[in-house]
Amino acid sequence: MPMIQSWRLLFRAVLILLLFACLILYERRTKSRNNNPITNPTQQRHKKYVEIINAWYGVNGGVTADCAEHLRQNVAQNAGRLVLDGDLLGMFGFDPVPGALKQAGIHLRYDGLELHFRVTEGEPFEFPANGKSDHVEIIYAWYGVNGGICGDGNGVVQQRLRQNVAQNGGRLVLDGDLLGMFGFDPVPGVQKQAGIHVRYHGMDLHLRATEGEPFHFPAKGENVNFEQHHNKYVEIINAYGVNGDFGEDDDGLVQERLRQNVANNGGRLVLDGDLLGMFDFDTVPGVPKQGVIHVRYNGQELHLRATEGEPLHFP
């Protein structure tokens, strides 16, 4: 009898240990599942996570096959990012059009936006770009005629610009065909512009891109320069004319052009002296104009004097 009672006690102890082990395992699995954006929709809503809606692989307009599930696995393996090394054939494991250069068309949702990307065989692609500080963030944008008819096309301008940034590794790269990019013409027959408010390295900048003129921000190789000298980046605070030469700048054109100049010159203000050509209006025809530019640089606020016909470089 004592032997039987000992075995019973041992058996009960083993059962209790197994029960505790099962409870611990269940708790860990539940916690892991709740922290997984794929298995927990609530977690997915609270974190920026690439959601693949649909995707095809093959030749656009020709033979294609579905590859969405492969891309979803890629996102899961890369902590919510889409990271492609360029070997689409190796990744998908099938060739819908042997011998032809293939692409992947990807429709995804990220941070509340639906985006469409085209990835070509042999070209690496990452979305979102790695490194938040080096990634241009589009805050707001319009397309049209400044001070006249302009708009965001129900969000299409901002979405196309964000897609452009994503496709160019965190940079904004415009070839000048704004009409082709945005797909609508708010003012037919008139040269249009895009006003773009961006955040880059913690700074808010206002850029202006003109129809027919390529525009890159930041310029190639500027990331390193900006990272090393971001505390010495010229910030345009205000600009006004001497004796009203700049006018009141009610629409902000002067400030935007100056900020764009700084952005295009790696953080420096570089004026060639052609103020009329830069600002594209003449408040006092026939009279040499001057303006005062209020800037912040290296923690100090300065007032610079710009004179028509005289180059100004700062610093």
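My numbering numbers the first residue of the sequence shown as -10 and each following residue consecutively.
Backbone N, C-alpha and C define an ideal beta-carbon position, used for all residues, glycine too.
message: Considering just the uninterrupted stretch of the alpha helix (DSSP H) at Glu58, what are its terminal residues?
response: Taken as a continuous stretch (DSSP letters only), the alpha helix (DSSP H) holding Glu58 covers Ala57 to Gln66.
field: Runs of alpha helix (DSSP H) lying entirely within the segment 130 to 198, each at least 4 residues, in chain order
entry: Counting whole runs of 4 or more residues, the segment 130 to 198 contains the alpha helix (DSSP H) stretches 145 to 156 and 167 to 171.
- request: Report buried or exposed for Glu202, applying the criterion of at least 16 other Cβ atoms within 10 angstroms of its Cβ.
  value: Glu202 is exposed by the Cβ-count criterion.
task: Under 8 angstroms by Cβ, that's how I've got Ile95 and Val108 pegged, so tell me the actual separation to the nearest angstrom.
output: Rounded to the nearest angstrom, the Cβ distance from Ile95 to Val108 is 7 angstroms, consistent with a contact under 8 angstroms.
- prompt: Beta carbon of Tyr46, beta carbon of Ala89: below 9 angstroms?
  reply: For Tyr46 and Ala89, no; Cβs fall outside 9 angstroms.
message: Can you look up Gly47 in the DSSP assignment and give me helix, strand or coil?
response: Three-state result, Gly47: strand.
query: What's the C-alpha gap between His195 and Gln249?
result: Each residue's CA atom was taken as its position, placing His195 and Gln249 some 7 angstroms apart.
query: Start and end of the alpha helix (DSSP H) containing Arg248?
result: Arg248 -> alpha helix (DSSP H) spans Leu242 to Asn253.
query: Given that a residue counts as buried once 16 or more other Cβ atoms are within 10 Å of its Cβ, and exposed if not, what is Ala155?
result: Looking at its Cβ environment, which holds 16 or more other Cβ atoms inside 10 Å, Ala155 is buried.
message: Could you compute how far the alpha carbon of His292 sits from the alpha carbon of Val259?
response: Take the alpha-carbon of His292 and the one of Val259: they are about 15 angstroms apart.
task: Flag this pair as yes or no: are the beta carbons of Pro304 and Arg257 separated by less than 9 angstroms?
output: Taking 9 angstroms as the Cβ cut-off, Pro304 and Arg257 qualify as a contacting pair.
- request: Rounded to whole angstroms, what's the CA-CA distance from Phe204 to Leu12? Just pull it up for me.
  value: In a straight line, the C-alpha of Phe204 is about 59 angstroms away from that of Leu12.
field: His124 versus His105, Cys139 and Gln152, residue with shortest Cα-Cα distance
entry: Comparing Cα-Cα distances from His124 to each of His105, Cys139 and Gln152, the minimum goes to Gln152.
- prompt: For the ligand PLP, is there a heavy atom less than 8 angstroms away from the beta-carbon of Asn49?
  reply: Looking for the ligand PLP in the displayed structure turns up nothing, as the structure carries no ligands at all.
- prompt: Are the beta-carbon atoms of Lys91 and Glu112 separated by less than 9 angstroms?
  reply: No. Outside cutoff.
query: Hey, how far is the Cα of Ile138 from the Cα of Gly158?
result: Roughly 32 angstroms between the two C-alpha positions.
task: Look up Leu(-1) in the DSSP assignment and say whether it is helix, strand or coil.
output: Here Leu(-1) sits in helix by DSSP.
- prompt: Contact check, Leu265 vs Glu297 under 8 angstroms by CB: the rounded distance?
  reply: Contact holds; Cβ gap of about 7 angstroms.
- prompt: Is DSSP giving Leu6 helix, strand or coil here?
  reply: The three-state secondary structure of Leu6, taken from DSSP, is helix.
- prompt: Run through DSSP, which three-state label would Phe268 get?
  reply: Helix, per DSSP.
query: Closest by CA to Phe286, which one among Ile225, Ala57 and Val273?
result: The question names Phe, yet the displayed sequence has Tyr at residue 286. If we check each option's Cα against that of Tyr286, Ile225 comes out closest.
- request: Using DSSP bridges, identify the partner residues of Glu126.
  value: BP columns for Glu126 point to Arg188.
query: Helix, strand or coil: which one does DSSP assign to Leu258?
result: Strand, per DSSP.
task: Run the CB neighbour count on Leu73, radius 10 Å, all protein chains shown included, and call it buried at 16 or more, exposed below.
output: Under this definition Leu73 is a buried residue.
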